[in-house]
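Remarks on the structure that follows.
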Amino acid sequence: MISAASPGRLLWTRFIRHQLALLSLVFLLALLVLSLAAPLIAELRGIDPTATDLLRRMEPPSAEHWLGTDDLGRDLFQRLLDGGRVSLLVGLSGALLSAILGAVIGVVAGYLGGRLDSFLMRFTDGVIALPLLPLLIVLAAIDPRKIGVPAEIAQSETFSLYRIVIIVALTGWTTVARLVRAETLSLKARDFTRAAQALGARPERIMFRHILPNTAGSLIVATTLSIGTLILLESTLSFLGLGTQPPAASWGNMLTGAQELLQQAPVLALWPGLLIFLTVIAFNFVGDGLQDALDPRSERR
Amino acid sequence: MSRYLASRAVQTLVTLVLMSLVVYLLIGLMPGDPIDMMIAGDPKMTSEDANRLRALYGLDKPLLDRYLAWAGQAVQGNFGYSRSFNQPVLAVLWPRLLNTLLLAGLAFVLAAAIALPLGIWAANHPRSRADYLINLLCFAGISTPPFWLALLLITLFAVSLGWLPAGGMADIRPGTPWLGAFAERVRFLALPVATLTLVQLGTYTRFMRGAMIEALRQDYVRTARAKGAPERRVLLGHAFANALAPVLTILALSFGGLFSGALITETMFAWPGMGKAIYQAILDNDYNLALVGLLVATFATIVGNLLADMGYAWVDPRVSIAESA
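Protein chains in written order, with our numbering: chain A, 185 to 485; chain B, 789 to 1113.
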């Protein structure tokens, strides 16, 4: 019997064959829902996640505080959910931003070629070879007021969020750019591109309507894989005190103080790190599963 | 060859000049300036004093003029002083660069020594249970936050078991027998090197496995097998020899990442290296140290890449460096 399946359905059946990827997807969705619903959950539990209580520091898990309290007496469970929201948000939007940046640079370099191509690729290779973390630390340390951002905006929580998103996106685009360029080079010689050229389509139309949609598969895989990397980077910067600023929670900055508390409350150092680890590995598995699903011929690498 | 080296040298120079300009401008945007800190340190200082000092140090001039003045000095080999160490920056950075090279070099060699055989073995037994396990561990390695790994290792080996020091560097008194001195050094190196090795291991292994799988599918491997070459020779003499070149490129590109990893590892274990010095300099507003440190780090990374490119041509005779330039 010949079964007809839509490409989307075919993709899905191949994806769920990768059990770890499916499990990871479920985990990530659950985490996303929980962390987005965190304020609601806090209200239902009657807990203010920012309220400190110095008399009830580092309490063990109880019916009231499911995972106990942190070094300032705040509810650990709620803090973890709040931190998760920041980490997921920064990872997702950072990856999206770097995908857009990388896709545009890659397709322009690959399609237009010539001097522009060699300049853009030299630049990309140069950025890849740089010791990025110290440079990002400098970027994270600059004072936004000196570039004309008003003080009240510069100190707001939203601004520090945007800033960390841009900073992590600056590292993610290089992989995407090289990938999209390589695909563009092969798509450029295909018949549909030549047909479009013969019909007199303008270069930007060919690049963005004909070539880029055809790179969607690898673009999605690369973006998914980069989310994990960017979450790691955000947590590292926040851990060093240069990313998400307290009192806003992030898994990274929750670990900043944990080093001093290792002997008293090792659990405080365990949970945020474990969640970073699980989230990042889940994104990597999902990316791997997508890769297998999109390119069934490829041997698992 | 010499033409290639010359063009690479020019490229390196351009990168360094661009880097110094960008970083100088960025550092100019960091909060406060040195005079602010003098004011904080001396409450009796009036605003006229501050302005006079700003003029004296040239801090009232536009940022670009200040950069040109700095660059003019740097070209003559004068990189200025570190404010927090009260020493010339190069004197501060040199011993730290050696410490970082020791840490990162050991971790690099160790990671490659474990990852290459592991990747070859996994590629030769694809889809076996052990292959899946290795793959799983690689994913775990890639996904672990380095600073958290360091925390876990400190908790386990320094706090709970008390076997190894939690950080710092061996302080060897003169007159210690060399074996004792060596053992002491190893004790302090163990945890930082382990952290940095584990962070790199997963990536290297996956690349090695991927390159080997690709090579094992080629016709020359089938030919070698058909001619009855021993499996060991097929694997190492034919497949590995061809898989090595792309892996080398990846390893070279990871130098920059290795340096970033070293920054975290050094900070976590109080290892007096370059990464920690740069990070501390940024926090302490020691602009000059941060700037020159970043340039030295970039230079070291570029030289590492250059060496790897030359290694590539040596491993793969089909590639001529002169052509790829």
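All C-beta atoms, glycine included, are put in the ideal place defined by N, C-alpha and C.
Quiz item: Who pairs with Ser246(A) in a beta bridge, going by DSSP?
Solution: Paired residue(s): none; Ser246(A) is not in a bridge.
Quiz item: Cα separation between Leu426(A) and Ile823(B)?
Solution: 23 Å
Quiz item: What do you get for Ser1112(B), buried or exposed, if any count of 16 or more other CB atoms within 10 angstroms of its CB means buried?
Solution: Bear in mind that a pLDDT of 45 at Ser1112(B), under 50, signals an unreliable position, so the model cannot answer this.
Quiz prompt | Anticipated Cβ contact below 8 Å, Leu1041(B) with Ile312(A), distance rounded | solution = 6 Å
Quiz item: Under three-state DSSP, which class holds Thr440(A)?
Solution: coil
Quiz prompt | Proximal residues of chain B, C-beta to C-beta of Ile460(A) below 7 Å | solution = Pro933, Trp936
Practice problem: With a threshold of 8 Å, establish whether the CB of Ile827(B) neighbours any heavy atom of the ligand ZN. | Solution: Summarising the ligand content, the structure contains no ligands, and the ligand ZN is consequently not present.
Quiz item: By DSSP, does Asp259(A) sit in helix, in strand, or in coil?
Solution: strand
Exercise. Out of Phe995(B), Phe1087(B), Ala946(B), Val802(B), point me to the one whose CA is closest to Ala911(B)'s CA.
Key: Phe995(B)
Quiz item: Whose C-beta lies closer than 7 Å to the C-beta of Leu934(B) among residues of the same chain, with five residues either side of it excluded?
Solution: A quick correction: the sequence has Pro, not Leu, at residue 934(B). Counting only Cβ-Cβ distances below 7 Å, and skipping sequence neighbours, we find Thr983, Val987, Gly1049, Ile1052, Thr1053.
Self-check item: Buried or exposed by the 16-neighbour rule on C-beta atoms within 10 Å, applied to His394(A)
Solution: buried
Quiz item: Under the rule that 16 or more other beta-carbon atoms within 10 Å means buried, what is Val802(B), buried or exposed?
Solution: exposed
Quiz prompt | Every unbroken alpha helix (DSSP H) within the stretch 858-937 of chain B, with a cutoff of 4 residues, ordered by chain | solution = 877-912, 917-931
Quiz prompt | Residue burial classification, Ala904(B) (beta-carbon count within 10 angstroms, cutoff 16) | solution = For the record, residue 904(B) in the displayed sequence is Leu; it is not Ala. Counting Cβ neighbours within 10 Å, Leu904(B) comes out buried, since at least 16 surround it.
Practice problem: Whole angstroms is fine: what's the gap from Phe867(B)'s alpha carbon to Asn1076(B)'s? | Solution: 8 Å
Practice problem: Using a Cβ-Cβ cut-off of less than 9 Å, give me the residues of the stretch 283-294 of chain A that come near chain B, in sequence order. | Solution: none
Exercise. Answer yes or no: does any C-beta atom of chain B fall closer than 9 Å to that of Pro450(A)?
Key: yes
Practice problem: Identify each residue in the stretch 1093-1106 of chain B for which the Cβ-Cβ distance to at least one residue of chain A is less than 9 Å, and report them in chain order. | Solution: Asn1093
Quiz item: chain B partners of Val360(A), CB-CB under 9 Å?
Solution: In chain order: nothing, as chain B lies at least about 15 Å away.
Quiz item: Is DSSP giving Thr253(A) helix, strand or coil here?
Solution: strand
Quiz item: Where do the N-terminal and C-terminal ends of the alpha helix (DSSP H) with Trp1059(B) fall, by residue?
Solution: From DSSP, Trp1059(B) is part of no alpha helix (DSSP H); its letter is neither H nor E.
Quiz item: If you pair each beta-carbon of the stretch 455-471 of chain A with each one of the stretch 296-312 of chain A, do three or more pairs fall below 8 Å?
Solution: no
Exercise. For Tyr869(B), decide whether its Cβ has a neighbour in chain C, counting only Cβ atoms nearer than 9 Å.
Key: Absent from the structure is chain C; the protein chains it does hold are A and B.
Quiz item: What are the boundary residues of the alpha helix (DSSP H) that Leu1023(B) is part of?
Solution: Per DSSP, Leu1023(B) belongs to no alpha helix (DSSP H) and is neither H nor E.
Quiz item: What separation, rounded to the nearest whole angstrom, lies between the Cα atoms of Val470(A) and Leu841(B)?
Solution: 58 Å
Self-check item: Within-9 Å CB hit, Leu814(B) to chain A
Solution: yes
Self-check item: Gly1099(B) to Val947(B) span [Cα, whole Å]
Solution: 42 Å
Quiz item: Near Asp919(B), what residues of its chain come up, given a Cβ to Cβ distance below 7 Å and the 5 sequence neighbours on each side ignored?
Solution: Ala910, His913
Practice problem: Determine whether the Cβ of Phe1115(B) lies closer than 9 Å to any Cβ atom of chain A. | Solution: Residue 1115(B) lies beyond the range of chain B shown here (789 to 1113); nothing can be said about it.
Quiz prompt | Where Asn1030(B) falls, given that 16 or more other Cβ within 10 Å makes a residue buried | solution = buried
Quiz item: Where are the alpha helix (DSSP H) runs, 4 residues long or more, that stay fully inside the stretch 308-348 of chain A, in chain order?
Solution: 316-325, 335-338
Practice problem: Could you check if Lys832(B) is buried or exposed, using at least 16 other CB atoms within 10 Å of its CB as the buried criterion? | Solution: exposed
Quiz prompt | Sequence-distant residues of the same chain with beta carbon closer than 6 Å to Ser872(B), five excluded per side | solution = Asp1072, Asp1074
Quiz item: Secondary structure at Glu483(A), three-state DSSP: helix, strand or coil?
Solution: Note that Glu483(A) has pLDDT 46, beneath the 50 cutoff, so the model's placement of it is unreliable and no number is given.
Quiz prompt | Asp476(A) versus Phe976(B): straight-line alpha-carbon distance, rounded | solution = 43 Å
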